[in-house]
Structure formats: structure tokens, C-alpha cells
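Protein chains in written order, with the numbering used here: chain A, 418 to 517; chain B, 32 to 526.
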């Protein structure tokens, strides 16, 4: 499978990346080179294999069902959460208007 | 007087504990080396001499008060700028995180500080750890301290992504550093700069507070000048952490105490698929040397097969970008980091403009590949197929470890290349990870140790890959090679 400019533009939109026309044109052959190379995976007989879900056997744990079981990742951290926001206002993340 | 910056982690620890010198003297000596090399090597994004001195003063005070000292008391280290450090800028070498000062400390770095280590600064790397030469950093290339012996002055790559870490350890700017390894980012830079580095079993080191690249592959590990120092560092860095859902709930073995270069009764596997057509002569020779050294240490050498080796790289370059495209969705100009808000732009335009301005070319390339292979209609053909191939690659290793205890292979297909030599073609750069990626896909512990110099006078590394959880076996085989390689070369100081 190979991609054209329209496909790359669509992927870039899905990935929320603004890309100029010149950049798009440059990316098409690059991405096609990489995709052509990874397509060799198609020749592998995978009939005996399930897709990998965990590389090392492990079990998922549940944390204790109490408030602030881990104080570091619990609640009450508004100011710390907002500390690096580019436009925090009134205790919230500031964003451009989203309602027309 | 001994130059304190020539000492190993073990020697510093012993010297500080025994009163031969103070932690403050050690920190001062390394701070001076960091400052003197910054202009030429660019190994650090931010230097934190005050942090190193503060930790050292605390160790000296504890010693004076007769308190028990930690395992790394008085050892100043470099921290790859992928680990969140509270109050100290953490960028992942990206513009989008420039100025980001975490409100919390990563689990691995916290463990190091708790053991008495101090921070010399945040080390440069490939942007979001995506690269094999440290040429994708927003904060400029790291220059390797090594030079070819041809009389030329070509600036060489320190490897990547942990290129700041490798350059800094090799140049004696720090006795040890943290690295992270997704597809070889500890081992390949270690090999390029004549130092040691180990990536433990997936899950040994907590990923909490490490800027995520590809979560099913990312593992932290130490880089240092010898195997013992790696063992000391790893013992501190590893350990269960409830904040990482993939953290292994297992005791951390006493790897340093367990070090032994006697390999009697051990079997070393030599994977025939790693013997590539047109392999570099010096790399092939160093591999032969490694085989002879391990035999000399008492090991039996056996031929093994890892049949899916050739598919490891393409498999990696689907899975890693897929995970990266998902992980990097968080950089949106809202919660932290850069925001680019063009006049009159709405929310979606802001996301796209911010990400366009904040990510470098290689990061964008991988986000696009990852988005494509995960998109509707292509998911099964690319991503599911790659995850199945990953199962087969992992199964290859399981089969191989039925007949051997540890695997020996080169770390990288060549010695360090010059900056710019491979950056024009992304595929050529990706191929540099050919020997390191399979162990990453299988989550196995793997390390690189220096084996010797090539005809250009540049270091070559040998890689040891072990069974899951058998870091000890990897370290011990590394120690056996280290003892026989007698690698004492170091870059001549030109900076």
C-alpha cells in the first residue's frame, strides 16, 4: 500500500499536525519508503501466533478502593495540575472559545 | 592526587564512606568537568551544579553524624532529560516541553536521590528518545568525545537516544548516568562511546514519571564505565512501583554481590541470523573475540537460531510509532508546554499549530506512521500483524533459551558514524538498531560492554541478552568479557 498527498494530509489532520503543502510533498516519498519496507511483515506466517498483549507475564493490580490511596496521584492537586498550563485562569485550563 | 573524575561509582562510594575525600569534593570536580565540556560536547540541556552540591553536603553531614549511608552516597550522576525531575526543566529534548517544570519526581530518579546520589544536570537526548544519533534534539547535537584516528576532525555521533548520557560518561563528566531503552537507546550509545549499559527486563524499572515514547518497550537502565557500576546503579533504580501498572512485583536481587565472571557450566548462544551479509570486518572480529573470551571464562558456546530476526526492525517500526502516536496525543497546548494560538484560531487549529511548532521532523514522521498504521482499514494489516510477529520473535528467544543461558551478539552493526552521515535517509538510520531491537521486542534484559577499538580507533560493543529476570546472567557474562577485553581506551581530551 502506498500513500498519496491526500492520504498524508488526512493522516496529518487525524494526528492534529498542521503541515504545509511543501512538507506534505516531501513526506509522501519518505512515508512510502518506510511503508514499503515494513510491508515485508506480510510474508510472515502468523497462523500460530496471537497478537502480543504483554511482553512479560504480569497481572493487573487494583489499587485500594479508598480516597487518595496514593496521595501523590490522588485529588486535591489543582494548583500543581495547573502549574505548567500555558493559559490557566480561575482554577481552570484556558482554551479558545469552542462554542459558536 | 587522584583525579576524582577518573573514579568509578564503586570507588567514589567507598572513598566517600571511608573518608578519603568528601562528597562535596567529588561533586565539585564533576561540576567543573560538566561546565568545561558544555560548549564543545553539548551533553547537558540543563546543568544543576547546585543540586549536586546540595546532595553532597547532605551526604557529608550524614557521614559526620555517623548515619548509615545509602548505596550511592556521594555519587553525582547525570539524569537523561526524559525523567521528570521536580522543579527542574524536563523537555525530552523537545520544543513542545521547553520550560516544563514537573510538579513531581519520577520513581527511578527518586530512588537514586534516596540512595544518596546527586544530580549534575539533565542530559541531552534524541527528541522524545526517537533517534539513534542524538541529531533530533531541539537543543542541538551532542558531540561524541571520541575522534577517528585518521587525523581528521569529523564530529561523531554519541549514539542515541541516550547520547548525552553516553558522551557524558565517556568524557568523565559524570561517573554514571540514567538512560532509557526502547529499541536500543542504552546499548547502542554505550557501544559507540566505549562504556557499559544495561536495559533490564521490561517492568524492572518503573516507567512512572518518564516521558513516554512506546510504553510496551520503554525501560530505564544505567550507563556507566564498567559492569560493576551498572550493577550498583541498577540495584537502586529497579524495584516495584504501584504507580506503574506494568511494574514487576518482584524483589530486586543483590546484583553487585552476585557478580561472578566464572561461566563454568553456562551455555552461550550465538544466533546465526545475526551474521549479516557484508558485516563490518571489525565488528565480526570483535564478535569472534567475545566468543573466545566467554569460552576462556568456562562457558560452552552453542549455535542457535532466531528465525524471525529479519522481521524485528519492521515490526518495531510499526509498534513503536503506533504507541508513540497515541502517547504523544497528550501534547495539545492546553495542559503543559508550548501553545501556538494563531489569531482567531479555534481549539482544533490550536492543537494542530501547537504540535506543528513543537515537534521536530522525526517525531512528526513517527506520529504520522503510527497514526496511519492504527487508522481504520489499515489496523489489521499493519498493527495486528506486527503484534503477531512480535509474539513469534519473543517465541524465538524462548526456544533459544532452552539450549543456552545467555546470547552473545554485536551491539550495533558499526562503530560511531559521523554526524550527518545517516540523517538524510530515515531508513538507513533505523537499520542501526538491527541487533538491539529484537531483545526490546521480547522485553529481555540486555547489555552492551566495550570489546575493543576498530581500525579507526573507535569503540565497539558486544551485546549480551538474557532470559527474563536474569539480569545477573547478563551482568556476569558482561563481566567475563570486560575482564578479558582489557578495554582501557578513553577519548583524548580535546574539549
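Where is the CB? At the ideal position from N, CA and C, for every residue including glycine.
Listed along chain B, the residues sitting closer than 8 Å to residue 480 of chain A by beta-carbon distance are 273.
Proximity to residue 461 of chain A across B/379, B/510, B/428 and B/345 peaks at B/345, based on C-alpha coordinates. For residue 417 of chain B, at least one C-beta of chain A is nearer than 7 Å to its own C-beta. In the three-state reduction of the DSSP assignment, residue 300 of chain B falls in the strand class, which pools E and B. The C-beta of residue 509 of chain A comes no closer than 7 Å to any C-beta of chain B. For the stretch 486–517 of chain A, residues whose beta-carbon sits nearer than 7 Å to a beta-carbon of chain B comprise 487, 489, 490, 497, 500, 501, 502, 503, 504, 510, 512, 513 and 515. Rounded to the nearest angstrom, the gap between the Cα atoms of residue 153 of chain B and residue 207 of chain B is 13 Å. Residues 126, 127 and 369 of the same chain have their beta carbon placed closer than 6 Å to that of residue 389 of chain B, with the five preceding and five following residues left out of the count. The criterion of a C-beta distance shorter than 7 Å is satisfied by residue 440 of chain B and residue 466 of chain B. Note: residue 116 of chain B is bridge-paired with B/119 in the DSSP secondary-structure output. In terms of beta-carbon proximity, residue 82 of chain B stays away from the interface with chain A, with every pair separated by 7 Å or more. Shortest Cα-Cα distance from residue 398 of chain B to any of A/451, A/491 and A/476 involves A/451.
A straight-line Cα-Cα distance of about 7 Å links residue 145 of chain B and residue 101 of chain B. Put simply, of B/299, B/414 and B/524 the residue whose alpha carbon is nearest the alpha carbon of residue 352 of chain B is B/414. Distances from the alpha-carbon of residue 64 of chain B to those of B/202, B/105, B/459 and B/51 put B/202 closest.
Residue 421 of chain A carries a coil assignment under DSSP once its states are collapsed to helix, strand and coil. In the DSSP assignment, residue 219 of chain B falls within the alpha helix (DSSP H) that extends over 218–224.
For residue 491 of chain B, the enclosing beta strand (DSSP E) covers residues 490–497.
In the DSSP assignment, residue 154 of chain B forms a beta bridge with B/75 and B/111. The residue among B/109, B/430 and B/362 with its C-alpha nearest the C-alpha of residue 197 of chain B is B/109.
Out of B/433, B/87, B/269 and B/343, the CA that lies nearest to the CA of residue 300 of chain B is found in B/433.
Residue 227 of chain B sits in a strand when the DSSP states are folded into three classes. A direct Cα-Cα distance of roughly 11 Å separates residue 435 of chain B from residue 496 of chain B.
Between residue 365 of chain B and residue 512 of chain A, the C-beta gap is smaller than 7 Å, which places the two residues in contact.
When Cβ-Cβ separations below 7 Å define contact, residue 298 of chain B makes no contact with chain A. By the C-beta density criterion, residue 119 of chain B is buried, having at least 16 other C-beta atoms within 10 angstroms.
With respect to residue 355 of chain B, residue 245 of chain B sits close: the two C-beta atoms are nearer than 7 Å.
Between residue 453 of chain A and chain B, the shortest Cβ-Cβ separation is not below 7 Å.
Only residues of its own chain outside the window of five on either side were considered, and among them 428, 445, 448, 449 and 452 have a CB closer than 8 Å to the CB of residue 420 of chain A, listed in chain order. For residue 444 of chain B, no Cβ of chain A is located within less than 7 Å of the residue's own Cβ.
Where residue 267 of chain B is concerned, the enclosing alpha helix (DSSP H) starts and stops at 258–268. Non-local C-beta neighbours of residue 192 of chain B in its own chain, meaning closer than 6 Å and more than five positions away in sequence, comprise 156, 157, 160, 162 and 216, ordered along the chain. Looking at the DSSP output, residue 253 of chain B shares a beta bridge with B/209. When secondary structure is reduced to three states using DSSP, residue 310 of chain B falls in the coil class, being assigned neither helix nor strand.
The DSSP assignment places 457–461 and 468–472 as complete runs of the alpha helix (DSSP H) inside the stretch 446–483 of chain B, in order along the chain (cut-off: 4 residues). By the rule that beta-carbons nearer than 7 Å mark a contact, residue 473 of chain A touches chain B.
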